[in-house]
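Undergrad: Okay, handing you the structure first.
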Ligand SMILES: [Fe+2]
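Numbering (our numbering), first residue to last: 553 to 849.
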């Protein structure tokens with residue numbers, strides 16, 4: 553199923569394709585620091601900007617009722633600040649840092665892959681300092697502050713996700729050196745952005761691309777179309793993805809603590825070499841070795 557402007561695009565593709573891949577990766581834009589951060593300039597946001605945040609927040613809370621992992625619901629508390637509207641990162645960071653040592657830093661848009669992963673390695677999450685217009689509620693070219701903060705920050709308040717994201721920072725830098733960023737991007741994609749988790753024998757959402765998408769919140773759990781496959785790292789590293797449509801396959805971990813087991817003790821260079829020896833798997837394809845949670849229509 554392809555999306556059009558009336559259908560939410562998967563927001564927040566992985567570092568390699570969205571958070572990374574700045575137009576000119578050689579130098580920061582004017583006004584940005586060497587690490588591409590900029591002041592958030594919360595005071596410069598308009599009443600309309602804040603109203604868009606409030607609309608999206610309320611709509612997405614409704615859409616996610618009973619669908620997101622418990623830790624997401626708990627983590628939403630860090631976003632409930634002293635006033636409505638787009639969170640002031642200074643105030644947000646006081647809460648978030650106190651939970652897991654993470655902070656949110658403002659960036660003007662896409663940043664280079666090495667810069668992105670370097671931030672993750674230091675428990676800093678780069679977030680856009682802009683918000684979509686009301687005419688673009690469900691379609692975005694680049695992740696904005698709603699995707700970045702509503703989608704990612706609640707789970708950065710969870711210790712397992714906090715440590716996993718830092719590990720991805722390290723792995724991202726290593727993958728860049730090894731010429732394997734496209735493999736690591738698949739892990740990022742099928743976990744951080746579009747991951748599902750089994751919790752109390754139910755399927756729940758934890759991927760930021762889903763939790764920040766009105767349409768995919770339902771589609772990922774309730775549509776008969778996509779495959780839902782038990783997470784397998786080797787399988788994921790070989791699985792391509794589409795960034796312009798709802799997912800054809802989702803990978804399911806056993807609870808959020810299961811994320812840490814995904815990377816712990818794994819030799820990624822060996823995994824990348826093994827993956828190169830095999831053909832890629834189309835995202836719509838189910839293979840005989842898959843442990844299926846549900847096969848798509
Ligand atoms: Fe994202």
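For glycine and all other residues, C-beta sits at the position ideal for the given N, C-alpha and C.
Computed from a predicted model, the values in this text were never measured in an experiment.
Say yes only if the C-beta of residue 745 is nearer than 7 Å to one or more non-hydrogen atoms of ligand 1, and no if none qualify.
TA: The answer is yes for residue 745.
Undergrad: Classify residue 685 as buried or exposed, calling it buried when 16 or more other Cβ atoms lie within 10 Å of its own Cβ.
TA: Exposed, because fewer than 16 other Cβ atoms sit within 10 Å of the Cβ of residue 685.
Undergrad: Within the stretch 660-706, note down every full alpha helix (DSSP H) run reaching 4 residues or more, in order along the chain.
TA: 665-673
Undergrad: According to DSSP, simplified to helix, strand and coil, what is residue 843?
TA: coil
Undergrad: Of the residues 716, 602, 640, 619, which one's Cα is nearest the Cα of residue 817?
TA: 716
Undergrad: For residue 830 versus residue 787, is the C-beta spacing smaller than 8 Å?
TA: no
Undergrad: I want to check one thing, is the minimum distance from the CB of residue 699 to the heavy atoms of ligand 1 below 7 Å?
TA: yes
Undergrad: CA-CA distance, residue 590 and residue 744?
TA: Annotation: residue 590 to residue 744 spans about 24 Å, alpha carbon to alpha carbon.
Undergrad: Is residue 623 helix, strand or coil when you go by DSSP?
TA: helix
Undergrad: For residue 645, collect the residues of the same chain with a Cβ closer than 8 Å to its Cβ; drop the 5 residues on either side in sequence, then sort them by chain order.
TA: 655, 656
Undergrad: Would you mind sorting residue 613 into buried or exposed? The rule is 16 or more other CB atoms within 10 Å of its CB.
TA: exposed
Undergrad: Cβ of residue 761 within 7 Å of any heavy atom in ligand 1?
TA: Yes, since a heavy atom of ligand 1 falls inside the 7 Å radius drawn around the Cβ of residue 761.
Undergrad: Less than 7 Å separating the Cβ of residue 703 from some heavy atom of ligand 1?
TA: yes
Undergrad: Rounded to whole angstroms, how far is the Cβ of residue 783 from the Cβ of residue 798, which I believe are closer than 8 Å?
TA: The Cβ separation is near 19 Å, so there is no contact.
Undergrad: Please state the DSSP three-state secondary structure of residue 801.
TA: Per DSSP, reduced to three states, the secondary structure at residue 801 is strand.
Undergrad: Measuring from the CB of residue 664, is there a heavy atom of ligand 1 at a distance below 7 Å?
TA: Exclusion of residue 664 from the 7 Å shell around ligand 1 follows from its C-beta lying no nearer than that to any non-hydrogen atom of the ligand.
Undergrad: Suppose contacts are defined by Cβ-Cβ distances below 8 Å. Is residue 730 in contact with residue 600 by that definition?
TA: no
Undergrad: Please find out if some non-hydrogen atom of ligand 1 comes closer than 7 Å to the beta-carbon of residue 678.
TA: Residue 678: no, Cβ never under 7 Å from ligand 1.
Undergrad: Let's see if you can read the secondary structure: which residues bound the beta strand (DSSP E) around residue 617?
TA: Taken as a continuous stretch (DSSP letters only), residue 617 belongs to no beta strand (DSSP E), as it is neither H nor E.
Undergrad: If we require 4 or more residues per run, which alpha helix (DSSP H) segments fall completely within the stretch 702-757?
TA: Annotation note: the stretch 702-757 contains the following uninterrupted alpha helix (DSSP H) runs of length 4 or greater, listed N- to C-terminal: 705-708, 711-730, 733-740.
Undergrad: Around the C-beta of residue 837, are 16 or more other C-beta atoms found within 10 angstroms, so that it is buried, or is it exposed?
TA: A residue is called buried once 16 or more other Cβ atoms fall within 10 Å of its Cβ, and residue 837, having fewer, is exposed.
Undergrad: If you pair each beta-carbon of the stretch 690-700 with each one of the stretch 613-626, do three or more pairs fall below 8 Å?
TA: no
Undergrad: Tell me which residue opens and which closes the alpha helix (DSSP H) that residue 831 is part of.
TA: Unbroken run through residue 831: none, as it is neither H nor E.
Undergrad: Expressed to the nearest angstrom, what Euclidean distance is found between the alpha-carbon atoms of residue 842 and residue 832?
TA: 15 Å
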